[in-house]
Amino acid sequence: MKQGDHNEVAEASNDFERRYLQATRYCFSGEYEKALQVYEDLYESRRDALGEEREEALKALGMAARISPLVGDINKTFFWQKKSYEEHRKCYGKEDERTRRECCNLADTYHDFYLVDQDRELREELYDICRTLYGEENEETLFALENLAEACENCGDYDRELELIEKKLALLRRKLGEEDPETIATLALLARVMRFLGESEQEKRLRAKVDALCEKAFDSNNPDDLEQKADIYVTLCDHKQALEINRGRYRLLWERVGSDDDQTMVALFETAKNYLFLGRPKKALKLLQDLYAEQAKSIRIGIVDATDTWLLIASIYRDDLGDDRRALDAYTKAREIACQLYGKGHRERRIELEILALKAKLGE
152 MKQGDHNEVA EASNDFERRY LQATRYCFSG EYEKALQVYE DLYESRRDAL GEEREEALKA
212 LGMAARISPL VGDINKTFFW QKKSYEEHRK CYGKEDERTR RECCNLADTY HDFYLVDQDR
272 ELREELYDIC RTLYGEENEE TLFALENLAE ACENCGDYDR ELELIEKKLA LLRRKLGEED
332 PETIATLALL ARVMRFLGES EQEKRLRAKV DALCEKAFDS NNPDDLEQKA DIYVTLCDHK
392 QALEINRGRY RLLWERVGSD DDQTMVALFE TAKNYLFLGR PKKALKLLQD LYAEQAKSIR
452 IGIVDATDTW LLIASIYRDD LGDDRRALDA YTKAREIACQ LYGKGHRERR IELEILALKA
512 KLGE
């Protein structure tokens with residue numbers, strides 16, 4: 152290569168880095184449309200290149216795929232995420248970690264928009280790849296199995312979900328033992344699948360086993376144990392039992408660490424959700440208002456922060472109480488707090504979309 156050619160390559164590379172950095176700055180300032188446009192332009196300028204320039208094109212393409220959901224245009228989101236997955240697969244192969252990351256992002260988007268068949272297809276692929284690369288018992292493989300099982304449930308393919316959950320349960324029993332919390336949680340999931348399949352006797356048998364194991368494995372004076380136990384009963388769709396557990400957990404935490412501790416507030420938040428599932432939205436709303444009164448003393452990022460509280464309040468007004476005006480006010484409050492805590496980012500943009508939908512409904 153001639154000296155002039157070297158200089159042109161170096162200049163092109165410097166220009167790429169300069170523009171890529173500018174797009175990153177746009178992201179940090181919440182100017183996602185501008186950022187996406189720069190990433191699109193960078194990809195288009197290098198998509199037919201080879202070598203290092205090809206790597207740069209895929210780097211820009213991957214960022215376009217990540218930023219596109221924040222722009223609020225679902226068509227652009229699907230276009231760039233599918234494009235990124237396809238191009239990474241073509242360049243690196245389906246088993247490469249970068250390709251699997253793009254595949255997972257696309258599957259998550261399909262899941263978020265209830266495109267269950269497309270989600271399931273990609274989860275099957277990811278699970279097969281993990282089994283090939285890591286074996287059946289690896290954490291990556293088990294995580295892929297869990298995602299695939301959820302996708303099968305969403306598709307109504309309970310037979311396939313049953314097959315996967317039974318496989319996971321056998322692995323966990325061998326690896327962790329019968330009384331490990333993860334094993335018990337998987338047993339509860341198996342009981343739920345039996346309900347979907349109409350196997351009531353099997354469901355009852357498994358439920359009785361879950362009850363017995365929970366009594367042995369979890370300490371009623373340990374808030375962490377109670378959290379895991381409550382989650383298991385939520386899996387079983389027994390929100391009444393989950394409610395009693397979360398109420399006990401909240402009382403323990405309130406006495407030991409006070410009402411302003413993150414874990415105490417999480418317990419109150421989960422208790423409110425239990426009331427909501429039991430068809431008592433006004434009771435849930437009262438608890439959430441009490442929770443925000445505590446959070447308002449010191450607005451901060453937490454396991455459950457004030458943004459989460461106002462988002463759930465908004466959904467109760469909209470979905471359970473049919474009060475769109477109050478729902479709009481609650482979403483507006485959630486957006487205000489999200490901006491205060493996180494700046495203009497993904498959370499703020501998602502809340503903005505809810506606000507726009509409600510304003511359109513109210514004719515504003």
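If you count by this note's numbering, then the sequence shown holds residues 152 to 515, one letter each, in order. Note that CB positions come from ideal geometry on N, CA and C, so glycine has one too. Just so it is clear, the structure is predicted and the values come from calculations on it, not from any experiment.
Margin query: Am I right that L479 and L504 are in contact with their C-beta atoms under 8 angstroms? What's the rounded C-beta distance?
Written below: At roughly 13 angstroms, the Cβ-Cβ gap does not stay under 8 angstroms, so L479 and L504 are not in contact.
Notebook entry, point to check: When the Cα atoms are used, what is the spatial distance from L257 to E406?
Noted result: 45 angstroms
Checklist line | Of the residues Q379, P432, G430, T483, the one placed nearest I335, counting alpha carbons only | finding: Q379
Notebook entry, point to check: Under three-state DSSP, which class holds Y169?
Noted result: A small correction: the amino acid at residue 169 is Arg; Tyr does not occupy that position in the sequence shown. Residue state, collapsed to three classes: helix.
Margin query: Going by DSSP, what residue range makes up the alpha helix (DSSP H) through Y426?
Written below: 413-428
Margin query: Between the alpha carbons of A200 and A208, how many angstroms are there, rounded?
Written below: 8 angstroms
Notebook entry, point to check: Once you ignore the five residues that flank F354 on each side, which residues in its own chain have a CB closer than 7 angstroms to its CB?
Noted result: Before going on, a small fix: residue 354 reads as Glu here, not Phe. Only A342, M345, R346 meet the Cβ criterion.
Note to self: Just to confirm my understanding: we take E238, look at its own chain, exclude 5 residues before and 5 after, and list those with CB closer than 7 angstroms. What are they?
What the structure shows: L209, L212
Notebook entry, point to check: Counting only runs that start and end within the stretch 355-397, where is the alpha helix (DSSP H) found for 4 or more residues in a row?
Noted result: 374-386
Checklist line | Length of the line joining the Cα atoms of N158 and D263 | finding: The predicted model places N158 with a pLDDT of 48, which falls under 50 and marks its position as unreliable; any figure quoted below should be read in that light. Going by the C-alpha atoms only, they are around 46 angstroms apart.
Margin query: So for R431, helix, strand or coil by DSSP?
Written below: coil
Notebook entry, point to check: Do you know whose CA, among K391, R325, T228, V417, lies nearest D375's CA?
Noted result: V417
Next item on the list: List the whole-angstrom C-beta distance separating T250 from P220, where the pair is believed to meet the contact cut-off of C-beta under 8 angstroms.
Entry: T250 to P220, Cβ: 19 angstroms. No contact.
Item checked: Under the three-state DSSP convention, the category S449 falls into -> coil
Checklist line | Closest residue to L439 among A423, Y468, C490, F428 (Cα-Cα distance) | finding: A423
Next item on the list: Indicate the three-state DSSP secondary structure (helix, strand or coil) for R240 in the structure shown.
Entry: helix
Item checked: Three-state class that DSSP yields for F179 in the structure shown -> helix
Checklist line | Exposure label - Q414; buried when at least 16 CB within 10 Å | finding: buried
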